[in-house]
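Engineer: For what it's worth, the working numbering labels the leading residue of the sequence shown as 350, then goes sequentially. Shown below is the structure under consideration.
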Amino acid sequence: MTQSGLAAGPAAGPAAVDGVDGVDGMIARMRALEEELPPHDGIAVFNRVYLTVTLSVRRGLVDGLLPRPRSAATLAAVFAGRYLAAVDLAAAGAPGPACWRPLVQARHHPGVHPVQFALAGINAHIGHDLALAVVDTARAHGCEPSALQGAFDRIGDILVELEERVREDLMPGPDPLDVADPLTHLIAGWSMERARDAAWSAARLLWSMRRLPELAEEFTRRLDAGVGLVGRFLLTPLERCPGTRTG
350 MTQSGLAAGP AAGPAAVDGV DGVDGMIARM RALEEELPPH DGIAVFNRVY
400 LTVTLSVRRG LVDGLLPRPR SAATLAAVFA GRYLAAVDLA AAGAPGPACW
450 RPLVQARHHP GVHPVQFALA GINAHIGHDL ALAVVDTARA HGCEPSALQG
500 AFDRIGDILV ELEERVREDL MPGPDPLDVA DPLTHLIAGW SMERARDAAW
550 SAARLLWSMR RLPELAEEFT RRLDAGVGLV GRFLLTPLER CPGTRTG
């Protein structure tokens with residue numbers, strides 16, 4: 350265990366995560382993190398949410414509910430691997446992708462609600478990692494991204510369902526928040542469906558740039574920075590920290 354409280358492990362590329370076994374490896378990593386991290390750690394909050402998603406995707410693969418199951422399994426595993434690679438960088442004290450830095454930096458902040466941690470992680474993972482995972486999978490399987498759209502859409506449907514659960518389970522309660530509550534406004538401004546649509550567009554753009562590496566690198570860097578900026582807004586502290594004076 351490192352000083353950050355995260356156990357580092359090797360991140361796998363597309364060649365190492367083909368098939369359901371690759372998804373199982375990612376699930377094992379997430380379960381290990383669940384045991385290692387304090388429950389209120391912001392990364393732990395997202396990890397619990399994402400473990401639920403990955404288990405649902407695995408069931409869909411085993412039950413034959415995802416089209417092109419071999420490619421879908423690679424996409425799911427490569428997608429999860431990008432999150433776990435960011436965790437590994439945080440464990441090593443290294444700067445990870447800009448999209449994940451807000452969550453890593455704010456993970457212990459007492460003024461941030463669990464639903465904010467969850468949505469910030471989902472924002473980073475969908476807004477940045479998903480597009481890159483689609484491109485990585487298309488390259489690994491020698492196909493166009495359009496061949497992966499069925500699997501992309503099904504995984505996206507699972508994510509949309511989970512977003513609804515996140516909002517229900519992690520929002521403060523039991524009473525509904527007042528419409529004027531800042532948390533209500535903050536989380537209402539982010540949409541999984543819009544993020545998923547943007548990820549698909551970004552994947553198609555990146556694929557079209559595959560023979561223009563400098564342009565693709567610049568686009569990826571700007572995408573990463575833009576998603577990170579949204580993450581910082583999502584993690585705006587909404588409760589006064591203990592010991593803070595007012596007035």
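C-beta: ideal position from N, C-alpha, C; glycine also.
To which residues of the same chain is A482 closer than 7 Å at the C-beta, ignoring the five residues directly before and after it?
Structural biologist: Around A482: L424, V427, F428 and R431.
Engineer: Are three or more beta carbon pairs between the region 457-471 and the region 404-419 nearer than 8 Å?
Structural biologist: These segments do not touch.
Engineer: Which two residues bound the contiguous alpha helix (DSSP H) that contains D485?
Structural biologist: First-last of the alpha helix (DSSP H) with D485: L479 to H490.
Engineer: Specify whether the region 536-545 and the region 449-459 touch according to this definition: at least 3 beta carbon pairs, one from each stretch, less than 8 Å apart.
Structural biologist: At 8 Å Cβ cutoff, the stretches do not touch.
Engineer: Helix, strand or coil for Q352? Go by DSSP, reduced to three states.
Structural biologist: Annotation note: pLDDT 34 at Q352 (below 50); position unreliable, no value reported.
Engineer: Please state whether DSSP places R417 in a helix, a strand or coil.
Structural biologist: R417 falls in the coil class under three-state DSSP.
Engineer: Buried or exposed, going by whether 16 or more other CB atoms sit within 10 Å of the CB of G368?
Structural biologist: It is exposed - the Cβ of G368 has fewer than 16 other Cβ atoms within 10 Å.
Engineer: Please tell me whether H474 and D573 are closer than 8 Å, where the distance is taken between their beta carbons.
Structural biologist: Result no, Cβ atoms of H474 and D573 do not sit closer than 8 Å.
Engineer: Measure the beta-carbon distance from R545 to G499 and round it to whole angstroms, keeping in mind my assumption that it falls under 8 Å.
Structural biologist: In fact, because the Cβ distance is near 14 Å, the residues do not count as touching under 8 Å.
Engineer: Go ahead and pull the three-state DSSP assignment for P451.
Structural biologist: The answer is helix: DSSP assigns P451 an H, G or I state.
Engineer: Relative to the C-alpha of P387, which residue among H457, T585, L519 and L508 is closest?
Structural biologist: Taking only the C-alpha atoms, the option nearest P387 is H457.
Engineer: Taking the alpha-carbon of V453 as reference, which of A435, R516, R571 and F568 has the nearest alpha-carbon?
Structural biologist: Cα-wise, what sits closest to V453 is A435.
Engineer: Which whole-angstrom value describes the C-beta separation of A480 and A422, a residue pair presumed to lie in contact below a C-beta threshold of 8 Å?
Structural biologist: Not confirmed; about 19 Å, so no contact.
Engineer: L526 by DSSP, collapsed to three states: which one?
Structural biologist: Confidence at L526 is low in this model, with a pLDDT of 48, below 50, so its placement is unreliable and the value that follows should be read with caution. Coil.
Engineer: Tell me where the alpha helix (DSSP H) around M375 begins and ends.
Structural biologist: Its alpha helix (DSSP H) spans residues V369 to E385.
Engineer: In its own chain, which residues sit with a C-beta less than 8 Å from the C-beta of R417, not counting the 5 before and 5 after it?
Structural biologist: Hits under 8 Å: A496, L497, G499 and A500.
Engineer: According to the neighbour-count rule (16 or more other Cβ atoms, all chains shown, within 10 Å of its Cβ), is P444 buried or exposed?
Structural biologist: Exposed: under 16 other Cβ atoms inside 10 Å.
Engineer: When burial is assigned at 16 or more other CB atoms within 10 Å of the CB, is L583 buried or exposed?
Structural biologist: Classification of L583: buried, given that the 10 Å Cβ count is 16 or more.
Engineer: Whole angstroms are fine: how far does the CA of E493 sit from the CA of V394?
Structural biologist: Their Cα atoms are separated by approximately 34 Å.
Engineer: Start and end of the alpha helix (DSSP H) containing H534?
Structural biologist: P531 to A537 is the extent of the alpha helix (DSSP H) around H534.
Engineer: Would you call the CB atoms of T486 and S420 closer than 8 Å?
Structural biologist: Yes, the pair counts as a contact, with Cβ atoms nearer than the cut-off.
Engineer: Excluding the 5 residues preceding and the 5 following L587 in the sequence, name in chain order all residues of the same chain whose CB lies nearer than 8 Å to its CB.
Structural biologist: Excluding sequence neighbours, L587 sits near G460, V461, H462, Q465, P531, L532 and L535.
Engineer: For L415, count neighbouring Cβ atoms within 10 angstroms of its own Cβ and tell me buried if that reaches 16, exposed if not.
Structural biologist: So L415 counts as buried.
Engineer: With respect to the alpha helix (DSSP H) encompassing T403, which residues constitute its N-terminal and C-terminal limits?
Structural biologist: Looking at the DSSP string, the run of the alpha helix (DSSP H) that includes T403 is G391 to V411.
Engineer: Assign D437 to buried or exposed, taking buried as 16 or more other Cβ atoms, counted over all protein chains shown, within 10 Å of its Cβ.
Structural biologist: With 16 or more Cβ atoms within 10 Å of its Cβ, D437 is classed as buried.
Engineer: May I ask you to report which of helix, strand or coil DSSP gives G445?
Structural biologist: G445 falls in the coil class under three-state DSSP.
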